[in-house]
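Listed below in structure tokens is the structure:
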């Protein structure tokens, strides 16, 4: 594995993760640089005690370009992309339209009982493969290993940025989920705060009596068995008993680790076959590409690292071939979820596809 | 105003709110009754300490029928609907596919560190008008008054159901939000728990020092002024300083009351003109029907009634003519919102339409 750091014309960092140790990454970005937008401003919502990022510059971001104008494909003569190379294995670069960055602007008081501070942090794009029409589900084990290497590398490095409190690696897939680029890619957000959901899970873990909350959930799901969809020596994938979405799968390592950095090579190697099997099973459910959000829950940089337990939470909003689950009034406004698919039934459907 | 209670063929309750005191509501529902589904089961999510309702029967619910098969229009010969009458002003009835009900089933332990209990409660549909192609924004002041009468009536009555802890009146509008029926209507959920968002707001209110949190926010927004979009003697509508959605408007009465029941006739009368003006302004923004969720935040039945402050929170997911705001990885998985439209800009856009 070779790691090469380059700079795009506008100064953004780009990091290649290559399987071949002799990969040549000296090509330069020959595009005209555009000015880089300032970091968003964070506003404190006194009603919920949460931060919201205001990123007006993102309104102009690239929106579903045709395949031959994809900015995530390798560059070719006549079409220079974000990746100044004729090919790549896995590549990570700073998002051109970041929600968080270290390029700070001027932040004025907003009134309204809110507080304002700069959205310091960093947002990166992870290209999973150079193949525009591929998907994570189709990656080889070696390729997933390289992506995991990139995730762990970025988690460690982004955690060092002053002000960053949490690193979040995730993939949005499918136009139904709102992706603006079809090329197989994920994103990494380095947040300047511990996110509400992580804060909530860690608070639950702190109140839990017995063993570690996450370990106890994993053990209980493995004991119940009825919602387990796939398992190997190092990982178990299950639909949680109180799933919020019609098709939701959580993937836990069998050992409590705070983040991707802490996984052993054996654990990393065992993840790919299990996870891509689950993804292919989801696509098999209705014979259509399943839209999903896949989210790595890692420990914050500084807080709760003893309580946290690395795991992946994936959900799809597709509930039937022509029907989506929408987060409407009850979910969006009150946080009260109603799931139309029983978790045991969803697990049975997914498991039967994994077995195929 | 006349209030008439009837029963549908399958036993569900239906309540007419008529402007005319001589309205005759003796017509019977002549449809064959279908069996009523049992109440959902609630499962406790130990990771978030929240309840999730499992309502498998809702998968079969009516999905975007053509206008001439609308179940919310008045009945006519050859097309019997949910409303067994040739016309109505405002009508409320029990949802045929309820997330919560008092028709309990059998609930077994689910394992996985979850707890299970019956989803006791009630879900109602509120038809705002008999006019299929109308919308809330087009209702007359008298009609909005009747809807408010219905909301208050239902809030008071549903609060009396044993086990109900919160009554939520809301409207989902637009196919982008996931509505399954186009006829102008809202819903009422009587929940068997205090919802996560309400719990969160009340916890923030309990921690707030100074005056009442909500009253202080209202005063601060009125003082800042820049995000106020409309106001009259009894109500102020503003975009909150830390808005999560591209177009979000909160509407507060000027007096702290726990719920719709507690509004004076003058306050009720003043709401309609202000609110429908905001709705029309939203539709005017891009010249397209704006999808939205409009949510009345009322005090829970038993808890926090001294801290709570009735208000309405409305948001749209449309961020530009051809673009929607999706709740993807950061929002859905981590609860971390990124808003692409500055609240002050959104307020200016809405306010300029209200002035028209």
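Chains as they are written, first to last, in my numbering: chain A, 229 to 584; chain B, 229 to 584.
Where is the CB? At the ideal position from N, CA and C, for every residue including glycine.
In this text, all values refer to a predicted model and were calculated from it rather than measured experimentally.
Exercise for the section: Step through the CB atoms of chain A and report whether any lies within less than 8 Å of the CB of residue 383/B. Expected result: no
Exercise for the section: Would you give the residue range spanned by the beta strand (DSSP E) that residue 346/B belongs to? Expected result: 344-346
Practice task
My understanding is that residue 314/B touches residue 299/B, with C-beta atoms under 8 Å, so please give their C-beta distance in whole angstroms.
Solution key: No, residue 314/B and residue 299/B are not in contact; Cβ-Cβ is about 15 Å, not under 8 Å.
Practice task
Mind listing the chain A neighbours of residue 277/B? Cutoff is C-beta to C-beta under 7 Å, in chain order.
Solution key: 432
Problem - Segment limits, alpha helix (DSSP H) that includes residue 375/B - result: Looking at the DSSP string, the run of the alpha helix (DSSP H) that includes residue 375/B is 369-386.
Exercise for the section: Please classify residue 501/B: does DSSP put it in a helix, a strand, or coil? Expected result: helix
Handout entry: C-beta contact flag for residue 432/A and residue 538/B at 8 Å
Key = no
Handout entry: Pick from 277/A, 404/A, 336/A, 319/A that is closest to residue 377/A, judged by C-alpha positions
Key = The residue with the shortest Cα to Cα distance from residue 377/A is 319/A.
Exercise for the section: Residues of the stretch 260-275 of chain A with a CB closer than 8 Å to any CB of chain B: list them in chain order, please. Expected result: Those residues of the stretch 260-275 of chain A that come within reach of chain B (Cβ to Cβ, closer than 8 Å) are 268, 271, 272, 273, 274, 275.
Exercise for the section: Find the residues of chain A that neighbour residue 334/B, judging by a C-beta separation of less than 8 Å, and give them in chain order. Expected result: Here the premise fails: no neighbours, minimum Cβ distance about 14 Å.
Practice task
Check the Cβ of residue 440/B against every Cβ in chain A and list those closer than 7 Å, keeping chain order.
Solution key: In chain order: nothing, as chain A lies at least about 12 Å away.
Practice task
For residue 311/A, decide whether its Cβ has a neighbour in chain B, counting only Cβ atoms nearer than 8 Å.
Solution key: no
Handout entry: residue 334/B, DSSP secondary structure in three states
Key = In the structure shown, residue 334/B sits in coil (DSSP, three-state: anything other than H, G, I, E or B).
Exercise for the section: Could you tell me which residues DSSP pairs with residue 397/A in its beta bridges? Expected result: Residue 397/A is bridged to 416/A.
Handout entry: 8 Å Cβ cutoff, residue 562/B in contact with chain A
Key = yes
Practice task
Could you say if the stretch 392-409 of chain A and the stretch 519-533 of chain A meet the contact criterion of at least three C-beta pairs nearer than 8 Å?
Solution key: yes
Handout entry: DSSP-derived helix/strand/coil call for residue 513/A
Key = In the structure shown, residue 513/A adopts helical secondary structure according to DSSP, grouped into three states.
Practice task
Would you mind sorting residue 429/A into buried or exposed? The rule is 16 or more other CB atoms within 10 Å of its CB.
Solution key: With 16 or more other CB atoms across the displayed protein chains lying within 10 angstroms of its CB, residue 429/A is buried.
Exercise for the section: Kindly indicate the opening and closing residues of the alpha helix (DSSP H) around residue 445/A. Expected result: 441-452
Problem - Option in 558/B, 363/B, 503/B with minimal Cα separation from residue 411/B - result: 363/B
Problem - Chain-ordered neighbours of residue 331/B on chain A, where CB pairs are closer than 7 Å - result: Simply none; closest approach about 16 Å.
Practice task
Below 8 Å between beta carbons is the criterion; list the residues of the stretch 337-359 of chain B that meet it against any residue of chain A, in chain order.
Solution key: 338, 339, 340, 341, 342
Exercise for the section: Could you run through the stretch 400-427 of chain B and flag, in chain order, every residue whose CB is less than 7 Å away from some CB of chain A? Expected result: So the list reads 400, 405, 406, 415, 417, 419, 423, 424, 425, 426, given in the order they occur along the chain.
Exercise for the section: Per DSSP, which residues does residue 353/B bridge with? Please list them. Expected result: 321/B, 415/B
Exercise for the section: Could you name the residues of chain B that residue 554/A contacts, counting a contact when the two beta carbons are closer than 9 Å? Expected result: 400, 404, 405, 406, 407
Problem - CA nearest to the CA of residue 263/A, picked from 277/A, 238/A, 254/A - result: 238/A
Exercise for the section: Taking only beta-carbon positions, decide if residue 521/B is within less than 8 Å of chain A. Expected result: yes
Exercise for the section: Could you tell me whether the stretch 441-454 of chain B touches the stretch 501-521 of chain B, using the rule of 3 or more Cβ pairs below 8 Å? Expected result: No: fewer than three Cβ pairs fall under 8 Å.
Exercise for the section: Output yes or no for whether 8 Å exceeds the beta carbon distance between residue 466/A and residue 478/A. Expected result: yes
Practice task
Pick out whichever of 562/A, 334/A, 416/A has its Cα sitting closest to the Cα of residue 384/A.
Solution key: With distances taken between Cα atoms, residue 384/A lies closest to 416/A.
Exercise for the section: Please decide whether residue 366/B counts as near chain A, where near means a Cβ-Cβ distance under 8 Å. Expected result: Not an interface residue.
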